[in-house]
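Undergrad: Before anything else, here's the structure in question.
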Amino acid sequence: MRRGPGRRHRAAGYNAASRLPPFPAVDMQEKYQPQDIERAAQTHWAETGAHRAHDDSDKPRYYCLSMFPYPSGKLHMGHVRNYTIGDVLARYHAMRGFNVMQPMGWDAFGLPAENAAIANGVPPAQWTYANIDHMRSQLKALGLAIDWDRELATCTPGYYRWEQWLFTRLFEKGVIYKKMATVNWDPVDQTVLANEQVIDGRGWRSGALVEKREIPMYFFRITQYADELLSGLDTLPGWPERVKTMQANWIGKSTGVRLAFKVPASDELLWVFTTRADTLMGVTFVAVAAEHPLATRAAENNPALAAFIAECKQGSVAEADMATMDKKGMDTGLKVLHPLTGEAVPVWVGNYVLMSYGEGAVMAVPAHDERDFGFAQKYGLPIKQVIAVEGEAFTTDAWAEWYGDKQRGACVNSGKYDGLGYEAAVNAIATDLEALGLGEKKTQFRLRDWGISRQRYWGCPIPIVHCDACGDVPVPADQLPVVLPEDVVPDGAGNPLNKRADFVNCACPKCGQPARRETDTMDTFVESSWYYARYACPDAGQMLDARANDWLPVDQYIGGIEHAILHLLYARFFHKLMRDEGLVASDEPFANLLTQGMVIAETFYREDASGKKTWFNPADVELCDGVHVCKADSQPVIHGGTEKMSKSKNNGVDPQALIDQYGADTARLFTMFAAPPEQSLEWSDAGVEGANRFLRRLWKTTYDHVQGGPVAAYAGGALSDAAKALRRQLHQTIQKVADDIERRKQFNTAIAANMELMNALGRLDGDDATTRAVRQEVLEGAVAMLAPIVPHISEALQAALKPGVAMAWPAVDEVALVQDELELVVQVNGKLRGQLRVPAAADKAAIEALALASEAVLKHTEGKPPKKVVVVPGRLVNIVV
RNA sequence: GCCCAGGUGGCGGAAUCGGUAGACGCAGCGGAUUCAAAAUCCGCCGCCGCAAGGUGUGGGGGUUCGAGUCCCCCCCUGGGCACCA
13 MRRGPGRRHR
23 AAGYNAASRL
33 PPFPAVDMQE
43 KYQPQDIERA
53 AQTHWAETGA
63 HRAHDDSDKP
73 RYYCLSMFPY
83 PSGKLHMGHV
93 RNYTIGDVLA
103 RYHAMRGFNV
113 MQPMGWDAFG
123 LPAENAAIAN
133 GVPPAQWTYA
143 NIDHMRSQLK
153 ALGLAIDWDR
163 ELATCTPGYY
173 RWEQWLFTRL
183 FEKGVIYKKM
193 ATVNWDPVDQ
203 TVLANEQVID
213 GRGWRSGALV
223 EKREIPMYFF
233 RITQYADELL
243 SGLDTLPGWP
253 ERVKTMQANW
263 IGKSTGVRLA
273 FKVPASDELL
283 WVFTTRADTL
293 MGVTFVAVAA
303 EHPLATRAAE
313 NNPALAAFIA
323 ECKQGSVAEA
333 DMATMDKKGM
343 DTGLKVLHPL
353 TGEAVPVWVG
363 NYVLMSYGEG
373 AVMAVPAHDE
383 RDFGFAQKYG
393 LPIKQVIAVE
403 GEAFTTDAWA
413 EWYGDKQRGA
423 CVNSGKYDGL
433 GYEAAVNAIA
443 TDLEALGLGE
453 KKTQFRLRDW
463 GISRQRYWGC
473 PIPIVHCDAC
483 GDVPVPADQL
493 PVVLPEDVVP
503 DGAGNPLNKR
513 ADFVNCACPK
523 CGQPARRETD
533 TMDTFVESSW
543 YYARYACPDA
553 GQMLDARAND
563 WLPVDQYIGG
573 IEHAILHLLY
583 ARFFHKLMRD
593 EGLVASDEPF
603 ANLLTQGMVI
613 AETFYREDAS
623 GKKTWFNPAD
633 VELCDGVHVC
643 KADSQPVIHG
653 GTEKMSKSKN
663 NGVDPQALID
673 QYGADTARLF
683 TMFAAPPEQS
693 LEWSDAGVEG
703 ANRFLRRLWK
713 TTYDHVQGGP
723 VAAYAGGALS
733 DAAKALRRQL
743 HQTIQKVADD
753 IERRKQFNTA
763 IAANMELMNA
773 LGRLDGDDAT
783 TRAVRQEVLE
793 GAVAMLAPIV
803 PHISEALQAA
813 LKPGVAMAWP
823 AVDEVALVQD
833 ELELVVQVNG
843 KLRGQLRVPA
853 AADKAAIEAL
863 ALASEAVLKH
873 TEGKPPKKVV
883 VVPGRLVNIV
893 V
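Count the first sequence with this note's numbering and you get residues 13 to 893, in order.
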């Protein structure tokens, strides 16, 4: 675990008394009544400030952060899962003596508020604040150990003013710049659409065919940090490998060659980037994006080409759409000259070539690139083999895997480069190109700069003023924040801020002349890129103060795997921006990351004539004679697959009914028991009964025990074999549960181990003092081990078992763990044939002898001598005959 | 299309470093208790087989004394793909 300088101890092994004040002792009722217990416990925590994080404390710190929610209206099971995972870790560390900070806030800007406004005519601000109030009360009902004093909402000027302040600093520094970018344009609604709002190439409300349109936008120069974002992944051992892999692939560092084709009868050069310069002699055409200047020029007196280019500009800008559409192209009639051979090469326009990636042009080598191969086949373009692999035959009829294999091949049909392998060929060709001034080796990233301008109302205003004389002028710090008016109701036709004269009209901060305020707002990923730091100092009169460094980096960050790339990459990038501004001292924001698997649920919809879909909540759908129908009107609905719970697909399952019926502890226990955190979970409430049953049994067992009068936990003395075995199980369980929570982050097995422990306790008979002392020890241990998961009932049970004593994590008694005998498995030829009890101290030879003499072995070897005997200490013996 | 995960009984899942597959729980079945039911308690519960035993972790192949776990190929499901958050 990475630590700031000298401020913290290692998490493992640190075991001090809990900071939680004891719950007042009350008369224990026979029946488990979660509502009363939970209300009392939550009141007690609030009154004693039990979950407050202390900025000045000698204890080691533990900053436990769950990704803050978008206030969509009500909690769904994905939230419950996410926040319970964080709460288990927070409470566990509090029990182990850490000064824990677990804050909560609201990712409050975003598209759904505007959609709700369009649907209901309610201003996004009003809708958002009402949702926050409701969801806050739901979170409180879950009994999370949150320090509510640090709560923040990103849509408040007190928060976003600092984002605007940093924006102006970065703009002046050149980290933020302006350029043209492509967006989805709805020609009917006259508005920019999010990718989510484009369905099958049409606008979600108008049904109009979407067009690509170029507009000016502000960009963060994230590519300047590409190398550091990549190498920084190696400094994050506490991150899941899969997330690091995804980020590395996203950044996509590749080394290749940037090279140019000459445009005849001009000084112009057509640049391309390729990682396969070794195949340069196999180029049979060049493909450029529809927006490429060369294409534009060729279309000037070529109506067919102009029409094709117009067609390319239809459809969404989403990469998934670009990559799955039919590959189409058209000859421009232009030729460019091959940099090495001088041969004329035709230039095509391809709808799959992206202007925003690389040079907006690619060299095509159909023989050795699968996409080019398909394209050449379709349009009858030549395919020229320039790589050969021994023993493999090349044919232009069908693509074969090896055509694109750069490891095995060598150049052919490539003149002086024949016989060279991949690396040698790339080097030789790059050297020759360099000598001609037509190319050089280059490192390229797949990562593109981060465009943050949004043509939307409900977001953080971009603090720029447009002045005819002075250009784009950042708003000076003393004029911040640029406050977003909150009494606006968007209507779906463009950004309503454009119509607000009181917002738009202003004076230029530089020359004082009338000027126009920028009406674009920022991508909401900007707010979520630094909130984790603001929690440390939510009341600071600046963006961040020294407290941010005391708490950062976050010790444990928890959130859905769907954020593996975008949010987590942007937050890492923003942290480095803040570091370079002197606001934070660390390089990375999150030391340890737990990526929660999605809670998924079925989706159901109906489609109207225009193709518009209406989504139905699974709770309102039932299965009738094998057909899914809406309960309200008994008419069929279409099953849309199983997807992550979301507002847009209306498949969120509200936990409220669960909490009302069984209490928060049952909801928490059930959610943690259903599956390990990292695994995706298809929602079903089958089994809730079982979780509740376990809590009732735990309650009843404790009740029966305390009725016998107070007794101290076992501290020594002679024990029956049964009591000794139970104590061994208790202390094994303590070890296991600590490991499950701390290292494995797998709570379902921690719960199962406690269930087994309680089952074993139920089998221990006797009412003598020693037996009761062991029972007390086991109950104290189980209650403490379960406390992070089911905190309310644990508080009440602890108060009954040990009145007036604060809960602490139980210590492992090493002596109780010692075993005299072990049971081994006996296999013959790898098949299980019996068990064998051996002294714990027996060596391999002794075990082998015992095994060979055992009945099971004699029976299954049929007297044949063993060829080989494998002894795995503590595990098994395998006899091979 | 590309990148990343996952697939184990009727169901959720366990098996942590290649070593007893199915812990724990749900559902189901049988029994106790009850006038009856709920609740509770006890027992059974992968598949085939009377049994001995065989077989079994999405499908196919491989490595190994031994594979759910490692390697190769394929299928299916989920997440992401830069304006959902």
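Cβ coordinates follow ideal geometry from the N, Cα and C atoms, glycine included.
Under 8 Å, do residue 121 and residue 536 count as touching if we go by C-beta distance?
TA: Cβ distance < 8 Å, so residue 121 and residue 536 count as in contact.
Undergrad: Expressed to the nearest angstrom, what Euclidean distance is found between the alpha-carbon atoms of residue 486 and residue 176?
TA: Distance between the alpha carbons of residue 486 and residue 176: 9 Å.
Undergrad: Excluding the 5 residues preceding and the 5 following residue 346 in the sequence, name in chain order all residues of the same chain whose CB lies nearer than 6 Å to its CB.
TA: So the qualifying residues of the chain are 310 and 359.
Undergrad: Using a Cβ distance threshold of 8 Å, determine whether the region 582-593 contacts the region 209-226, with at least three qualifying pairs required.
TA: No, they do not touch.
Undergrad: Is residue 182 closer than 8 Å to residue 544 when the C-beta atoms are compared?
TA: The answer is no: Cβ separation not under 8 Å.
Undergrad: Which whole runs of the beta strand (DSSP E) in the region 205-286 are 3 residues long or more, in chain order?
TA: Within the region 205-286, the complete beta strand (DSSP E) runs of at least 3 residues are 223-232, 266-274 and 281-286.
Undergrad: So, helix, strand or coil for residue 345, using DSSP?
TA: Here residue 345 sits in strand by DSSP.
Undergrad: On a Cα-Cα basis, can you pick out the residue from 284, 326, 683 and 339 that is closest to residue 5?
TA: No answer is possible for residue 5: it lies beyond the span of the chain, which begins at 13 and ends at 893.
Undergrad: Going by beta-carbon coordinates alone, are residue 471 and residue 375 separated by less than 8 Å?
TA: No. Outside cutoff.
Undergrad: Determine whether the beta carbon atoms of residue 293 and residue 465 lie at a separation below 8 Å.
TA: No, Cβ-Cβ distance for residue 293 and residue 465 is not below 8 Å.
Undergrad: Helix, strand or coil: which one does DSSP assign to residue 617?
TA: DSSP places residue 617 in strand when its eight states are reduced to three.
Undergrad: Is DSSP giving residue 544 helix, strand or coil here?
TA: Three-state result, residue 544: helix.
Undergrad: Does the structure place the region 827-845 close enough to the region 869-887 that three or more beta carbon pairs sit under 8 Å?
TA: The region 869-887, when compared against the region 827-845, does touch it at the 8 Å Cβ threshold.
Undergrad: Should residue 722 go down as buried or exposed, given a rule of 16 or more other Cβ atoms within 10 Å for buried?
TA: It is exposed - the Cβ of residue 722 has fewer than 16 other Cβ atoms within 10 Å.
Undergrad: Which first and last residues belong to the beta strand (DSSP E) in which residue 171 is found?
TA: From DSSP, residue 171 is part of no beta strand (DSSP E) but of the alpha helix (DSSP H) over 169-185.
Undergrad: Ignore the nearest five residues each way along the sequence and tell me which others in residue 573's own chain have a CB closer than 7 Å to its CB.
TA: These residues qualify, in order along the chain: 607, 608, 609 and 610.
Undergrad: On the DSSP bridge list, what partners appear for residue 478?
TA: Bridge partners of residue 478: 484 and 528.
Undergrad: Do you know how far the Cα of residue 750 is from the Cα of residue 789?
TA: The alpha-carbon atoms of residue 789 and residue 750 are separated by roughly 17 Å.
Undergrad: Do residue 35 and residue 66 have their C-beta atoms closer together than 8 Å?
TA: No, the Cβ-Cβ distance between residue 35 and residue 66 is not below 8 Å.
Undergrad: Take the Cβ of residue 261 as the centre, count every other Cβ of all protein chains shown within 10 Å, and call the residue buried at 16 or more, exposed below.
TA: Residue 261 should be labelled exposed.
Undergrad: Which partner residues does residue 297 have in the DSSP bridge list?
TA: 376, per the DSSP bridge assignment.
Undergrad: Evaluate contact between the region 147-159 and the region 112-129, counting only Cβ atoms and requiring at least three cross-stretch pairs below 8 Å.
TA: Taking 8 Å as the limit for Cβ pairs, the verdict is that the region 112-129 does touch the region 147-159.
Undergrad: Evaluate contact between the region 38-56 and the region 696-716, counting only Cβ atoms and requiring at least three cross-stretch pairs below 8 Å.
TA: Counting Cβ pairs under 8 Å, three or more are found: they touch.
Undergrad: How many Å lie between residue 813 and residue 718 at the Cα?
TA: Going by the C-alpha atoms only, they are around 7 Å apart.
Undergrad: Less than 8 Å separating the beta-carbons of residue 263 and residue 248?
TA: No. Outside cutoff.
Undergrad: Do residue 5 and residue 202 have their CB atoms nearer than 8 Å?
TA: An answer regarding residue 5 cannot be provided, because it is not within the stretch 13 to 893 covered by the chain.
Undergrad: Taking the straight line between their C-alpha atoms, what separation do you get for residue 879 and residue 891?
TA: The alpha-carbon atoms of residue 879 and residue 891 are separated by roughly 8 Å.
Undergrad: What do you get for residue 72, buried or exposed, if any count of 16 or more other CB atoms within 10 angstroms of its CB means buried?
TA: Result: buried.
Undergrad: Which first and last residues belong to the alpha helix (DSSP H) in which residue 324 is found?
TA: Residues 315-324.
Undergrad: Report the rounded CA-to-CA distance for residue 20 versus residue 75, giving the unit in angstroms.
TA: Since pLDDT at residue 20 reaches only 40, below the 50 mark, its modelled position is unreliable, and no value is offered.
Undergrad: Can you tell me where the alpha helix (DSSP H) holding residue 141 begins and where it ends?
TA: Residue 141 -> alpha helix (DSSP H) spans 136-153.
Undergrad: Does the Cβ of residue 570 have 16 or more other Cβ atoms within 10 Å, making it buried, or fewer, making it exposed?
TA: Burial call: buried.
Undergrad: Just confirm the distance between the C-beta atoms of residue 819 and residue 799, as a whole number of angstroms; I'd bet it's less than 8 Å.
TA: Correct: roughly 6 Å between the Cβ atoms.
Undergrad: Which one of 679, 779 and 760 has the shortest CA to CA distance from residue 716?
TA: Nearest C-alpha to residue 716: 779.
Undergrad: Are there 16 or more other CB atoms within 10 angstroms of the CB of residue 24, so buried, or fewer, so exposed?
TA: With a pLDDT of only 36 at residue 24, under the threshold of 50, the placement of this residue in the model should not be trusted, and no figure is reported.
Undergrad: Based on the DSSP output, what are the partners of residue 12 in its beta bridges?
TA: Since the first residue shown for the chain is 13 and the last is 893, residue 12 is missing from the structure and cannot be characterised.
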